[in-house]
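Beneath this line is the structure, given in structure tokens, with notes to follow.
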Amino acid sequence: MAGAALPDQAGTRIEAERYPTGYGFVYPIDEASGGQVVRAESFNTISRFPLWLSTPGDYLLTLHGRLGARVGTPIWSVVLDRQAIGTLSPKEAGSWEDQSIPLRFDTPGLHELVLGVTASSYVESGFADLDYISLQARENWVWRGPYRSIWGPRAKNTRTWRAATTAPTLAAG
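Numbering (this note's numbering), first residue to last: 417 to 589.
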């Protein structure tokens, strides 16, 4: 069984800060083909923490929280080891919901995971609350749900990994 350590983030609103990645900052853009790709351009940090992984492989990161703003619609952004992984869009601004994104770790050891908030348009008085996060080793997964990535299929790129069987959850909080 894979091991991962996540710090306790339960019920904490963390003030956002500017966080440059190795590729700028994170945001999704439309491609001429009709698909979407995530570029790294601009976002504010909500949670930044070390992640220890004993076994490389495929994992599913799930976060439960809410995003909102007085004007505009913010979205979650995910950065792993200073590289933009993808964005997660809430179905309804300000609502508490689970959002998931697949992650691939090629090496065991210490990694840095950053969850941020960004937007594809103007946002005023934005906020983000992160209630908890979990990390699952992927075993027998089915591909479905909302998700945007810089890798994988580009056309109609709205997919997420969901567990078809029970996998161990390594959760914070």
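Note that CB positions come from ideal geometry on N, CA and C, so glycine has one too.
Same chain only: Cβ atoms within 7 Å of residue i, ignoring 5 sequence neighbours per side
| i | result |
| --- | --- |
| LEU519 | TYR475, LEU477, LEU496, ILE501 |
| LEU526 | PRO466, TRP468 |
Whole-angstrom distance between residue j and residue i, CA atom to CA atom
| i | j | result |
| --- | --- | --- |
| LEU467 | SER505 | 23 Å |
| VAL487 | ALA544 | 14 Å |
| TRP512 | GLN552 | 20 Å |
| ARG554 | THR489 | 30 Å |
| LEU479 | GLU508 | 15 Å |
Nonlocal neighbours in the same chain, by C-beta distance under 8 Å from residue i, ignoring five residues either side
| i | result |
| --- | --- |
| GLY510 | ARG482, LEU483, GLY484 |
Nearest neighbour of residue i, chosen from the options [CA to CA]
| i | options | result |
| --- | --- | --- |
| PHE521 | ASP514, LEU529, GLN515 | LEU529 |
| TYR548 | HIS527, THR471, SER516 | SER516 |
| LEU531 | TRP492, HIS480, LEU469 | TRP492 |
| SER550 | THR534, VAL533, ASP514 | ASP514 |
Residue i - DSSP class collapsed to helix/strand/coil
| i | result |
| --- | --- |
| ALA509 | coil |
| ALA544 | strand |
| ALA485 | coil |
| SER493 | strand |
| PRO524 | coil |
| THR471 | coil |
| ARG554 | coil |
| ARG498 | coil |
Spatial neighbours of residue i in its chain, beta-carbon cut-off 6 Å, leaving aside the 5 residues before and after
| i | result |
| --- | --- |
| THR523 | PRO472 |
| ARG464 | VAL530 |
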